[in-house]
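Mapping of the sequence shown onto this note's numbering: residues 4 to 246, in sequence order.
Ideal Cβ placement from N, Cα and C applies to all residues, glycine included.
These figures come from a predicted structure and were not determined experimentally.
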Amino acid sequence: MRLRLSGITKRFGTLAALDSLSLDLPAFKALAVIGPSGGGKTTLLRVVGGLIAPDEGKLEIDGEPVDFAEESLLAHRRRIGTVFQSYNLFPHLSAIDNITLPLVKVHGFAPEAARAEAQALLARFHLAPHADKMPAQLSGGQQQRVALARAIAIRPRFLLLDEPTSALDPEMTAEVLDIITELRQEGRDIIMATHHMGFARSVADQCIFVCDGAIAEAGPAAELFARPRSDKLRNFLAKVLKY
Ligand SMILES: Nc1ncnc2c1ncn2[C@@H]1O[C@H](COP(=O)(O)OP(=O)(O)OP(=O)(O)O)[C@@H](O)[C@H]1O
Ligand SMILES: [Mg+2]
Numbered sequence: 004m005r006l007r008l009s010g011i012t013k014r015f016g017t018l019a020a021l022d023s024l025s026l027d028l029p030a031f032k033a034l035a036v037i038g039p040s041g042g043g044k045t046t047l048l049r050v051v052g053g054l055i056a057p058d059e060g061k062l063e064i065d066g067e068p069v070d071f072a073e074e075s076l077l078a079h080r081r082r083i084g085t086v087f088q089s090y091n092l093f094p095h096l097s098a099i100d101n102i103t104l105p106l107v108k109v110h111g112f113a114p115e116a117a118r119a120e121a122q123a124l125l126a127r128f129h130l131a132p133h134a135d136k137m138p139a140q141l142s143g144g145q146q147q148r149v150a151l152a153r154a155i156a157i158r159p160r161f162l163l164l165d166e167p168t169s170a171l172d173p174e175m176t177a178e179v180l181d182i183i184t185e186l187r188q189e190g191r192d193i194i195m196a197t198h199h200m201g202f203a204r205s206v207a208d209q210c211i212f213v214c215d216g217a218i219a220e221a222g223p224a225a226e227l228f229a230r231p232r233s234d235k236l237r238n239f240l241a242k243v244l245k246y
């Protein structure tokens, strides 16, 4: 896919969470967004996913400009499979209903077709025995797998993942990262903020380092990790790779 940002700025009060970001990634499959806490990763993903509008700037995805007017934004949002760090599921719906309901209500599937799709995805993610459980009866890793199944079910143009493993213990993290790796190998386009540097390095072809509301470095993931150019990125990597 292709991603182009020009002068994207998002302010919260006097704070510029994104301060005139520009970037042109002409062809990538998986983009890792890394950087320190509070640097602007989530804000950037929310702009890309059409969940918030920037105060200034332009965004183009696959050569198409994104229109941030409220009416158009909803359509943009619906074409993206978004998973956040937690609380992705409707708490009052079972795992399977979490997947089928948006398919029927938003994407126009017939109920039987939606159910068949959901069952196939649950089986694929080893969740078949949990189809009728409510989110509160599922482990965090299971919930995130349901959230990923739901994100794929809508046949999104790409997956937008914001630290989908940050609330999980190491074993559940591995389960979820395995699924994301599989989806990547299948050729799905992914934009993902992550604190797992090894994962970012192995799964992403492109990487951006977002720090203090700016893109401090961008480039092929392998290069960014092997040869950080700025002190900021060197210090960040030294810190996160220490333990
Ligand atoms: N809704 C909001 N209202 C006010 N300030 C906000 C809001 N959302 C984010 N911010 C601020 O914008 C800055 C960037 O936040 P953001 O959530 O994008 O960081 P992040 O890189 O995702 O951090 P983390 O790694 O902790 O998730 C932070 O200083 C944050 O406090
Ligand atoms: Mg964040």
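Going by the beta-carbon positions, is the gap between residue i and residue j smaller than 9 Å?
i: L6; j: I64; result: yes
i: E178; j: F87; result: no
i: N91; j: Q147; result: yes
i: R153; j: P105; result: yes
i: D48; j: I218; result: At residue 48 the sequence reads Leu, which differs from the Asp that was named. Result no, Cβ atoms of L48 and I218 do not sit closer than 9 Å.
i: D234; j: G42; result: no
i: K61; j: V213; result: no
i: E59; j: S25; result: no
i: G143; j: S89; result: yes
Can you give me the Cβ contacts of residue i inside the same chain, cut-off strictly under 6 Å, excluding the 5 residues immediately before and after it?
i: M134; result: It should be pointed out that residue 134 corresponds to Ala in this sequence rather than to Met. Taken in chain order, the residues that qualify are A98, I99, L125.
i: L76; result: G53
i: E120; result: A156
Could you say which of the options lies nearest to residue i if we only look at CA atoms?
i: A20; options: F31, M4, V50; result: V50
i: F239; options: M200, A224, K108; result: M200
i: A207; options: V213, R187, E220; result: R187
i: L130; options: G143, V149, I155, E189; result: V149
i: T85; options: K242, G144, L162; result: L162
i: R118; options: L24, S142, T103, P138; result: T103
i: I155; options: S142, P173, Q122, M137; result: Q122
i: P138; options: N101, E174, E185, S40; result: N101
i: L227; options: G16, V36, F15, S40; result: V36
i: I157; options: K136, L164, V107, E185; result: V107
i: L164; options: T46, E67, Y246; result: T46
What number of angstroms, rounded off, separates the C-alpha of residue i from the C-alpha of residue j?
i: A203; j: I183; result: 11 Å
i: L171; j: H198; result: 12 Å
i: S169; j: T176; result: 8 Å
i: A225; j: L96; result: 41 Å
i: E189; j: K32; result: 11 Å
i: L28; j: G111; result: 33 Å
i: A78; j: R237; result: 39 Å
i: L18; j: Q145; result: 36 Å
i: F128; j: L151; result: 9 Å
i: A229; j: A113; result: 49 Å
i: Q209; j: L180; result: 17 Å
i: V109; j: D192; result: 22 Å
i: S9; j: G222; result: 17 Å
i: V243; j: E115; result: 47 Å
i: A30; j: G16; result: 35 Å
i: S205; j: L34; result: 11 Å
What does a CB cutoff of less than 7 Å around residue i pick up in its chain, not counting 5 residues either side in sequence?
i: R80; result: G52, G53, L54
CB-CB under 8 Å to residue i, same chain, minus the five flanking residues each way: which ones, in chain order?
i: P57; result: I11, T12, K13, L21, V50, F71
i: R232; result: E220
i: R160; result: M4, I64, D65, R82, I83, D192
Environment of ligand 1 in chain order, Cβ to heavy atom below 5 Å: Residues with a Cβ closer than 5 Å to any heavy atom of ligand 1, in chain order: F15, A20, S40, G41, G42, G43, K44, T45, T46.
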